[in-house]
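Residue numbers 1 to 246, in the UniProt record's numbering, belong to the letters of the sequence shown in order. Think of the CB as a built atom: it goes at the ideal place given N, C-alpha and C, for glycine as much as any other residue. Here the structure is a predicted model, which means the values were calculated and not measured.
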Amino acid sequence: MDISTLERAAGTLLAPPNLVSADERRQAENYFQDLKKSISMEEAMHILHQTENSFVLFEMAQAVGELTLRDWSLLDPQVVEATYKTLLEFVAARETLESYVIAEFLKTIAIIVKRGSLSGNDREDLYKFIHNLLMHQSPKLQSLGCRFISALIEQFSSAWRNSKFSITWDFHLKAKTEFEVTGLRRLLEFSLTTLHALNGQENILNDEFTKRLCEKFLEVAENILSWNFSSKLTRRFLCVNTVFFF
């Protein structure tokens, strides 16, 4: 696949109105829409490692998420795990990524993690990765860990439906309840431990980045502490209705 063609299409989409026509912009939009319908996982991953273009990276992150959900029943669990781990490692290694690109990668990873949350797979490696980000010397990687926790919380608290990928309301209820038991407390502990460590640093008030990072962790802690837990009635319903159509 020609990377330069992708990057030119991205440039057309992002160009000021006085530099491209409406028809040219529409053609570029259609190009990316058609690409995401036909691209393979291997091609998407190849593009991720061959381009520095922010918009192309954004589109490929979306494509990987859609491909994973679309082919979920055909994918080996190890392939799914390798996919989100690759995305995580990619974002962690590229500290110069633009904020909106990072957000899309983390959203895609969180969606994949949630989709596989009822498969009975061990998520210990995922929590270790988050812990290592939060304990890293680099404030940017600590910030990435915080943003990833936020992405996970947002995904597991939401109930977006998508008939194209057979994502049902029942699935969201059960995934949310499972997350409340297995993941929510650990993420809160991670956040509070990191916040305590940051608060112990000298001259924290003179470091704008660290101050913003503390604010982010406070927001995460607040979101977890104000979590709308599943009711006992809902949990009883989920225990009785063990058959779900994904």
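For residue j and residue i, the rounded distance between their alpha carbons
i: residue 154; j: residue 167; result: 16 Å
i: residue 210; j: residue 124; result: 28 Å
i: residue 143; j: residue 213; result: 6 Å
i: residue 233; j: residue 176; result: In this predicted model, residue 233 has a pLDDT of only 47, less than 50, meaning its place in the structure is not dependable; the value taken from the coordinates is given anyway. Spanning the two alpha carbons is a distance of roughly 14 Å.
i: residue 141; j: residue 132; result: 9 Å
i: residue 173; j: residue 230; result: 8 Å
i: residue 69; j: residue 20; result: 34 Å
i: residue 182; j: residue 208; result: 34 Å
i: residue 107; j: residue 101; result: 10 Å
i: residue 27; j: residue 114; result: 34 Å
i: residue 18; j: residue 12; result: 11 Å
i: residue 202; j: residue 137; result: 15 Å
i: residue 16; j: residue 39; result: 28 Å
i: residue 226; j: residue 169; result: 22 Å
i: residue 24; j: residue 33; result: 14 Å
i: residue 65; j: residue 220; result: 24 Å
i: residue 37; j: residue 128; result: 34 Å
i: residue 147; j: residue 2; result: 32 Å
i: residue 200; j: residue 215; result: 15 Å
i: residue 4; j: residue 72; result: 30 Å
i: residue 192; j: residue 222; result: 11 Å
i: residue 86; j: residue 67; result: 15 Å
i: residue 22; j: residue 99; result: 27 Å
i: residue 171; j: residue 92; result: 30 Å
CB-CB length for residue i against residue j, believed under 8 Å
i: residue 35; j: residue 48; result: At roughly 14 Å, the Cβ-Cβ gap does not stay under 8 Å, so residue 35 and residue 48 are not in contact.
i: residue 90; j: residue 149; result: In fact, because the Cβ distance is near 18 Å, the residues do not count as touching under 8 Å.
i: residue 116; j: residue 80; result: 6 Å
i: residue 130; j: residue 84; result: No, residue 130 and residue 84 are not in contact; Cβ-Cβ is about 12 Å, not under 8 Å.
i: residue 187; j: residue 224; result: 7 Å
i: residue 6; j: residue 51; result: 7 Å
i: residue 178; j: residue 118; result: 6 Å
is_contact[residue i, chain D] using C-beta, thresh 7 Å
i: residue 83; result: Annotation note: the requested chain D is absent from the structure, which comprises a single protein chain.
Residue j beta carbon less than 7 Å from that of residue i
i: residue 14; j: residue 55; result: yes
i: residue 217; j: residue 184; result: no
i: residue 120; j: residue 134; result: no
i: residue 31; j: residue 10; result: no
Selected residue, minimal CA-CA separation from residue i, among the options
i: residue 152; options: 126, 94, 171, 61; result: 126
i: residue 105; options: 203, 45, 200, 3; result: 45
i: residue 42; options: 181, 29, 60, 31; result: 60
i: residue 261; options: 75, 95, 82, 110; result: Past the boundaries of the shown model lies residue 261; the chain is included only from 1 to 246, so the question cannot be answered.
i: residue 74; options: 2, 220, 165; result: 165
i: residue 139; options: 25, 220, 204, 2; result: 204
i: residue 53; options: 94, 206, 193; result: 94
i: residue 228; options: 82, 22, 158; result: 158
i: residue 122; options: 67, 77, 99, 92; result: 77
i: residue 277; options: 206, 156, 222, 99; result: Absent from the model: residue 277. The displayed extent of the chain is 1 to 246, so no value can be given.
Check: residue i C-beta below 6 Å from any heavy atom of the ligand MN
i: residue 192; result: Of ligands this structure carries none, so the ligand MN is not represented either.
Which runs of the alpha helix (DSSP H) spanning at least 4 residues fall entirely within the segment 122 to 147, listed in chain order? 124 to 135
Quick one: which unbroken alpha helix (DSSP H) runs of 4-plus residues sit fully inside the segment 163 to 189? Chain order, please. 169 to 182
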